[in-house]
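S.K.: Mind looking over this structure? Questions follow.
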Amino acid sequence: MYCMRSEASCKVNMGLKELKDEYEKLSKKYSLPKFEQLDEEFEIRAIELDKSGILIKAILRGITNKLNIFMSYLEPIITAPPQNIHSLIEVRNLSDADRSRVFEFYKEISVLLHENLAVELKSEREIAQQIKKVWKLWPKIKGEEINLLDKTTLAWKKKEESPIVKAEYSG
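In the numbering used here, the protein residues as written are 1 to 171.
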C-alpha cells in the first residue's frame, strides 16, 4: 500500500486497519459488538497488536481498565476517611439512599472485575462471552456512573462552609 502521508501516520492507519480486520474475525466467530461500538466506550483502537499479546484478552483488559477507573472513583465515597476532604464533601451531599446505591453499584462493578480477571485465564470463547456480558450491562453501568458524577459535581458547585474545623488555641 502506497501512503501519501507521513510514515508514522501510515503506520497508525495500517495498524488500525489490521486491528479492525483481526477484530472482525473475532466478531464473526463470537457475535461480538461492532468494533466502533466497543472503541467508542473502551478505546480499543489503542491496542497495539504487536505488543498486546492475544487480541481478545487485550480487549477484555481495556474493559477491565475502564471498570477500574469507576472503582477508583467509588471507593473513597464508600470508605470516606474523615481526613479526606474531597470524599467528605461528596458524601455529605449524598442522601442515605444514594450512598446505599453507590455501595450496591460498587459491588456490581467488583463482581464484573473479578469475573474479568478469572475469565482472562480461560478459553477464548469464555472471554468472548464475558465481553458480551459486560457489553450488555454497559448502558446501565455507564448510566449509574453518569448519575453519580452529576450528583457529586453538584455537591462541588454548592456554596457551603468549609468542612475543615479550625482548632482554637487553648493555652
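Ideal placement from N, C-alpha and C gives every residue a C-beta, glycine not left out.
#1: With a threshold of 8 Å, establish whether the CB of ILE85 neighbours any heavy atom of the ligand GTP.
#2: Check each candidate in THR64, ILE69 and LEU94 and name the one with the smallest Cα separation from LYS158.
#3: Do ILE47 and ILE59 have their C-beta atoms closer together than 9 Å?
#4: Measuring alpha carbon to alpha carbon, tell me which residue in LYS132, ILE146 and ALA128 is nearest VAL102.
#5: In terms of residues, what are the limits of the alpha helix (DSSP H) holding GLU178?
#6: According to DSSP, simplified to helix, strand and coil, what is LYS140?
#7: Quick check on the DSSP output: the alpha helix (DSSP H) that includes GLU90 runs from which residue to which?
M.R.: On the basis of the data shown:
#1: Annotation note on the ligand GTP: not contained in the displayed structure, which lists no ligands.
#2: LEU94
#3: yes
#4: ILE146
#5: What is shown of the chain runs 1 to 171, which leaves residue 178 out entirely.
#6: helix
#7: 85-92
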